[in-house]
Amino acid sequence: MTDWTIQNDRQSVTVGINTRLSQLRKQGLVPALIRLGKDHTRLFLREHGLSFIPNRKPRALVSDHLVWDPVTNRLCYTSRMIPIRFNDLLLHGIAVEGTSPANSPR
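Sequential numbering from 165 applies to the sequence shown in the numbering used here.
Spelled out as structure tokens, the structure:
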């Protein structure tokens, strides 16, 4: 699926993240951080029923994709606990950073 564009990301940020995660795994890397630009942060939060970036555990999470990490007090993506950096000023769109399996903290 190499024809994924930023216009597709605006339709569904979650699918854009999942696309990048699968590309990383095909390269043999372990996802370490998901970075979202300002517009994509807003769209992502709307997709998951949140109106702001929570700084404490939300009462209810509508999405199965989001998990609250009580150790770092932040939202993580999926049960793999991939941290999300919201409103990244250096980025317009979506980026997923990966590390080699040997450097993985898991």
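No residue lacks a Cβ here, since even glycine has one placed at the ideal position from N, Cα and C.
Would residue 208 be called buried (16 or more neighbouring beta carbons within 10 Å of its own) or exposed? buried
Inter-residue CB distance, residue 193 and residue 264 (contact presumed, cutoff 8 Å): 6 Å
Under the three-state reduction of DSSP, which class applies to residue 266: helix, strand or coil? helix
Supposed contact pair residue 249 and residue 200 - C-beta distance, whole angstroms, cut 8 Å: 7 Å
Please state if the CB of residue 212 and the CB of residue 230 are separated by a distance shorter than 8 Å. yes
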